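Reviewing the structure listed below.
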Amino acid sequence: MSELRSALLEFRNRVNGDERLKTMNRDWNRVIAIEPTDAGERVTIRYIEGMMQVDDEPAPAPDITLVAPGGILADVFAGRMSPTEPYLEGTLAIRGSQEDVLRLDFLSLMIWGE
Amino acid sequence: MKVVVSVSLGSRKRDHLVVARFLGEEVQISREGTDGDVDRAVERIAELDGKVGAIGLGGLDVYLFAGGRRYVVREGERLMQAAKVTPVVDGSSLKDTLERDVIRGLARDGLLGPETHVLMVAAADRFGMAEAFAEAGCQVVFGDLIFAMGMPYPITTLDELSEVARKILPEMAKLPLAMLYPQGAAQEAEPDAKFARFFEGVDVVAGDWHLIRKYLPPSIEGKTIITNTTTRDDVALLQGRGARRLVTTTPVLEGRSFGTNVLEAMIVALAGKRPDELGEEGFRGYLDRLHLVPNITVLGG
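Chains as they are written, first to last, in our numbering: chain D, 4 to 117; chain A, 41 to 341.
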């Protein structure tokens with residue numbers, strides 16, 4: 004299993020195990036495409052009614068797309084790096100509405116923040 | 041004459057200039073919006089540096105507070121550092137003192153109490169007010185996640201607010217302010233009632249005016265609004281939607297209530313001291329000498 008996939012599965016388990024996060028995000032149904040810029044695999048996150056799924060099925064029209072080297076994506080989802088710095092530096096590109104970008108940032112901070 | 045300029049990331053349409061007398065001194069107070077242009081605000085602060093008594097920062101908070109911690113907003117810090125000589129203030133020192141006192145005063149007067157349901161659109165920018173509502177026993181919803189993040193999740197305790205803040209604010213404070221707070225033309229947009237249900241059943245709506253306005257529902261029949269920086273047009277908007285009372289925590293001049301940054305800048309200019317030299321006691325002393333009381337306008341409803 005790749006480092007990115009392993010990080011995403013760990014992230015999924017934490018999100019799905021957090022009852023409060025489920026309540027907070029129960030209205031937020033989104034498809035998120037993870038696109039490593041190097042040779043890594045593409046992965047799709049489906050976030051439905053507060054529950055997260057990770058699969059390989061391509062998302063033709065994702066709501067949010069994350070583009071970065073696989074190592075950065077893995078670090079972000081594993082909580083070794085906050086998404087804010089690479090996002091502001093431009094090494095992590097996030098395409099999507101501002102509200103969705105904020106929500107994804109929030110999700111990651113609630114899992115990995117202090 | 042003392043000169044105070046509030047450089048704001050808000051809309052230029054709200055610009056104004058007044059001259060008034062405080063503690064026997066004439067003070068010229070102006071507000072200059074930059075329509076959300078942070079670079080322009082930095083340039084303007086640098087131009088004013090050394091030429092005015094104090095500079096206020098409007099349309100943003102440099103410091104956010106929750107649970108005894110202070111979080112520094114990166115873009116706000118950049119604005120603050122644009123002046124080397126003239127003190128630059130964001131109103132947060134004064135906000136904590138003044139707004140806490142205003143809420144305590146309203147509770148003493150019987151306008152707030154355990155039966156009062158309060159919606160604070162955001163509390164991290166005015167934690168003193170949030171704590172004062174809690175002290176008064178009010179039933180408060182802290183709308184930080186709803187109105188700043190677009191997430192329909194009401195926070196109902198200061199402990200949960202502080203816990204969420206500890207997790208998200210250190211990183212969120214690094215983001216561009218426009219991602220978190222309406223600036224420039226966004227301040228003039230037609231209100232969006234998508235969170236109207238959180239206004240239902242509350243007696244008091246409190247906090248930042250631009251967040252209140254952004255999500256103001258068509259009817260706020262009978263509600264009291266506690267805020268500041270309202271203009272005559274804003275008062276008419278509230279009246280048109282049925283608000284009962286408007287309580288502004290800062291003085292009203294020519295139909296407009298000051299931002300706390302303006303009031304803090306004015307005190308700093310009058311005192312000729314930097315905010316850290318004044319301290320809480322110094323600010324309290326000036327607030328007492330200025331005989332500031334909240335402005336309560338009965339609108340009907």
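All C-beta atoms in this analysis are idealised placements derived from N, C-alpha and C, irrespective of residue type, glycine included.
In this text the structure is predicted, and so the values were computed from the model without any measurement.
Nearest residue (CA-CA) to residue i, options the options
i: residue 281 of chain A; options: A:272, A:263, A:292 and A:296; result: A:263
i: residue 103 of chain D; options: D:23, D:30 and D:21; result: D:30
i: residue 49 of chain D; options: D:67, D:41 and D:42; result: D:67
i: residue 33 of chain A; options: A:128, A:188 and A:121; result: In the structure as shown, chain A starts at 41 and stops at 341, and residue 33 of chain A therefore has no counterpart that could be examined.
i: residue 270 of chain A; options: A:87, A:295, A:77 and A:86; result: A:295
i: residue 288 of chain A; options: A:245, A:208 and A:191; result: A:245
i: residue 302 of chain A; options: A:104, A:102 and A:130; result: A:130
i: residue 74 of chain A; options: A:63, A:324 and A:98; result: A:98
i: residue 60 of chain A; options: A:279, A:54, A:203 and A:42; result: A:42
i: residue 70 of chain D; options: D:43, D:53, D:52 and D:5; result: D:43
i: residue 94 of chain D; options: D:101, D:100 and D:85; result: D:85
i: residue 36 of chain D; options: D:57, D:114 and D:6; result: D:57
i: residue 274 of chain A; options: A:237, A:114 and A:339; result: A:339
i: residue 45 of chain D; options: D:60, D:34, D:98 and D:83; result: D:60
Residue(s) in a DSSP beta bridge with residue i
i: residue 46 of chain A; result: A:71 and A:96
i: residue 288 of chain A; result: A:267 and A:335
i: residue 60 of chain A; result: A:67
i: residue 79 of chain D; result: Its beta-bridge partners do not exist; DSSP assigns none.
i: residue 109 of chain A; result: A:106
i: residue 296 of chain A; result: A:293
i: residue 33 of chain D; result: D:50
Under 7 Å between C-beta atoms of residue i and residue j
i: residue 151 of chain A; j: residue 182 of chain A; result: no
i: residue 123 of chain A; j: residue 89 of chain A; result: yes
i: residue 346 of chain A; j: residue 243 of chain A; result: Chain A is shown from 41 up to 341; residue 346 of chain A falls before or after that span and cannot be answered.
i: residue 10 of chain D; j: residue 62 of chain D; result: no
i: residue 65 of chain D; j: residue 75 of chain D; result: no
i: residue 369 of chain A; j: residue 51 of chain A; result: Residue 369 of chain A lies beyond the range of chain A shown here (41 to 341); nothing can be said about it.
i: residue 160 of chain A; j: residue 170 of chain A; result: yes
i: residue 93 of chain A; j: residue 49 of chain A; result: no
i: residue 164 of chain A; j: residue 226 of chain A; result: no
i: residue 112 of chain D; j: residue 207 of chain A; result: yes
i: residue 81 of chain A; j: residue 138 of chain A; result: no
i: residue 173 of chain A; j: residue 105 of chain A; result: no
i: residue 257 of chain A; j: residue 233 of chain A; result: yes
i: residue 114 of chain A; j: residue 214 of chain A; result: yes
i: residue 55 of chain D; j: residue 191 of chain A; result: no
i: residue 251 of chain A; j: residue 100 of chain A; result: no
i: residue 283 of chain A; j: residue 266 of chain A; result: no
i: residue 85 of chain A; j: residue 47 of chain A; result: yes
i: residue 311 of chain A; j: residue 248 of chain A; result: no
i: residue 73 of chain D; j: residue 12 of chain D; result: no
i: residue 132 of chain A; j: residue 315 of chain A; result: no
i: residue 286 of chain A; j: residue 277 of chain A; result: no
i: residue 127 of chain A; j: residue 333 of chain A; result: no
i: residue 306 of chain A; j: residue 67 of chain A; result: yes
Boundaries of the alpha helix (DSSP H) in which residue i is found, first to last residue
i: residue 119 of chain A; result: 114-120
i: residue 305 of chain A; result: 300-311
i: residue 26 of chain A; result: An answer regarding residue 26 of chain A cannot be provided, because it is not within the stretch 41 to 341 covered by chain A.
i: residue 245 of chain A; result: Premise fails: residue 245 of chain A lies in the beta strand (DSSP E), 244-246, not in any alpha helix (DSSP H).
i: residue 326 of chain A; result: 315-329
i: residue 277 of chain A; result: 272-280
i: residue 106 of chain A; result: Per DSSP, residue 106 of chain A belongs to no alpha helix (DSSP H); it is in the beta strand (DSSP E), 103-106.
i: residue 89 of chain D; result: 87-92
i: residue 147 of chain A; result: 132-148
i: residue 370 of chain A; result: A question about residue 370 of chain A goes unanswered here, because the residues of chain A that appear run from 41 up to 341.
i: residue 108 of chain D; result: 101-115
i: residue 9 of chain D; result: 6-19
i: residue 23 of chain D; result: 22-27
Endpoints, beta strand (DSSP E) assigned at residue i
i: residue 158 of chain A; result: 157-160
i: residue 125 of chain A; result: Unbroken run through residue 125 of chain A: none, as it is neither H nor E.
i: residue 98 of chain D; result: 96-98
Exercise. Can you list, in chain order, the stretches of the beta strand (DSSP E) that have 3 or more residues and sit fully within the region 36-74 of chain D?
Worked result: 46-51, 54-58 and 67-71
Problem set entry | Length-filtered (3 minimum) beta strand (DSSP E) runs lying within the region 167-242 of chain A | 179-182
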